[in-house]
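Report on the structure given below.
Residue numbers (our numbering): 3 to 492.
Right under this line is the structure:
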């Protein structure tokens, strides 16, 4: 007589509904996951499949039945499940993709907010106060915004191909914090970095650098929020590189002048012309004056006993005239990389321009996966769901950029043989292309055409929106084809 199987509270039987074929990419992204119970890994596998088939839809819509929906909710609320466990396999896959390259890898860091409409804000947490209107006596009236924050680190090649996430942090607030509120009580520079939210920048730099194991190949890139002297020192200690946009005019040289005062005396080393789109979508030419210099940068006065001076390179790229219809380009970058020529300065500017890739990644999370429409009740459950969405968003972003960066690669790099065959049947080739000679770009364009991309000669390469629409349709069609084949025979 068979012995009964002891089930984990909140988990269904491992054989209940996990008999569907797993896509290769799903298996690859969860192989390194180490859950305390194998059934949790199986549930993550099925949840990834379901959400990828119904990208942007609610959990009940993606799961289709109450048993699967309830199992998904139980997985996300399980106390032994967290973002680290969900993304452990993805981090290992990112490391493998890093090892397969030999160029410098850009690690893009940024923070984003996920807002949720809740009557009971305490289980999720607070973000900030939002101005609504003025009251009868002219006093401002505010509303409390509920949500969680996420600080992510995305590894990309210099060509813009996303390799995957290298680190991630979620947190929420029980009360409002911020520099302005802090200034009313004490000098923020006297507060240890470990007690500030900005400590997440240092943690992610350390985690991402340790993940890849080759610090000299990593270049950490951040916006003005990352202009933290402790981050400079952390990168130096780890033996890695950083390229950040600066907003603080720090003391320089012997402490008798500032960085901006030194840079004013630096002659223009070259001009750089580029095309820029204004707020109305019109293109115009911008002419940037390039200056760069290696100089000694000092820590804040209150921290000069804790941190040493550093020899860093400062790069200025500025428009001297104010353009119409858009903001003036004024980039002030700081890096520990050497810059000795105009070519090297332009290379660093090109690398920093890749920072917008992480903004695109966050946009896919919010607009494609509809992360902010989730109805889960607590911050921990929302963080678990968003972690699953992170894998799906990377997948969409990777396919979109592979179409542009490696167009001649094999279509089997992104699609299964069955999906390739199905695309050949459903979407006719344009021009003189034949299925035998088609590369990755041709098939990913077919996927985008399923999502509404017109593929006209003058059209730009397909973007993330049509790509995720096309993938959802392709998944549905592949499922229908398999069911039809089972009904009528091959």
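A virtual CB, placed ideally from N, CA and C, is assigned to each residue, including glycine.
My output table needs one value for residue 311: the three-state DSSP class, helix, strand or coil. coil
Continuous alpha helix (DSSP H) assignments of at least 4 residues falling wholly in the stretch 274 to 304: none
Span of the beta strand (DSSP E) around residue 164: 164 to 173
For residue 381, which residues from the same chain have a beta carbon less than 6 Å from its beta carbon, with the 5 sequence-adjacent residues on both sides left out? 126, 127, 150 and 174
Where residue 485 falls, given that 16 or more other Cβ within 10 Å makes a residue buried: exposed
Whole-angstrom distance between residue 260 and residue 248, CA atom to CA atom: 13 Å
Quick check on DSSP: helix, strand or coil for residue 477? helix
Which term fits residue 40, buried or exposed, when burial requires 16 or more other beta carbons within 10 angstroms of its beta carbon? exposed
Residues that DSSP places opposite residue 247 in a beta bridge: 335
In the DSSP assignment, find the unbroken beta strand (DSSP E) run with residue 224 in it and report its ends. 220 to 224
Apply the 10 Å Cβ neighbour rule to residue 473 and answer buried if 16 or more other Cβ atoms are within range, or exposed otherwise. buried
By the 10 Å Cβ neighbour count, where 16 or more other Cβ atoms means buried, how is residue 218 classified, buried or exposed? exposed
Proximal residues to residue 112 (C-beta, below 6 Å), its chain only, five neighbours per side dropped: 360
For a test of the three-state rule: what should DSSP assign to residue 5, helix, strand or coil? Low per-residue confidence applies at residue 5: pLDDT is 39, beneath 50, and the placement is therefore not dependable enough to give any value.
Does the Cβ of residue 388 have 16 or more other Cβ atoms within 10 Å, making it buried, or fewer, making it exposed? buried
Residue 206 versus residue 199: straight-line alpha-carbon distance, rounded: 12 Å
Beta-bridge partners of residue 115, as assigned by DSSP: 151
Considering residue 391, what are the terminal residues of the alpha helix (DSSP H) in which it resides? 381 to 407
Tell me where the alpha helix (DSSP H) around residue 496 begins and ends. There is no way to answer for residue 496, as the model of the chain reaches only from 3 to 492.
Pick out whichever of 44, 350, 26 and 57 has its Cα sitting closest to the Cα of residue 391. 57
Quick one, are the C-beta atoms of residue 246 and residue 228 less than 8 Å apart? yes
Identity of the residue in 347, 321 and 231 nearest residue 303 by Cα: 231
State the Cα-Cα distance for the pair residue 71 and residue 61, rounded to the nearest angstrom. 6 Å
Alpha-carbon to alpha-carbon, residue 239 and residue 51: 41 Å
Tell me which residues share the same chain as residue 37 and place their Cβ nearer than 8 Å to its Cβ, disregarding the 5 neighbours each side in the sequence. 43, 46, 82, 83 and 87
The stretch 402 to 410 / the stretch 442 to 457 touching (three or more Cβ pairs under 8 Å): yes
Less than 8 Å between the beta carbons of residue 321 and residue 336, yes or no? no
Secondary structure of residue 455, DSSP reduced to three states: coil
Starting from residue 259, follow its DSSP beta bridges and name the residues at the other end. 254
Straight-line Cα distance separating residue 176 from residue 130: 11 Å
Leaving aside the five residues before and after residue 250 along the sequence, list all residues of the same chain whose C-beta is less than 6 Å from its C-beta, in chain order. 229
Quick check: residue 53 and residue 394, are their CB atoms within less than 8 Å of each other? yes
Under DSSP, the alpha helix (DSSP H) around residue 80 begins and ends at which residues? From DSSP, residue 80 is part of no alpha helix (DSSP H); its letter is neither H nor E.
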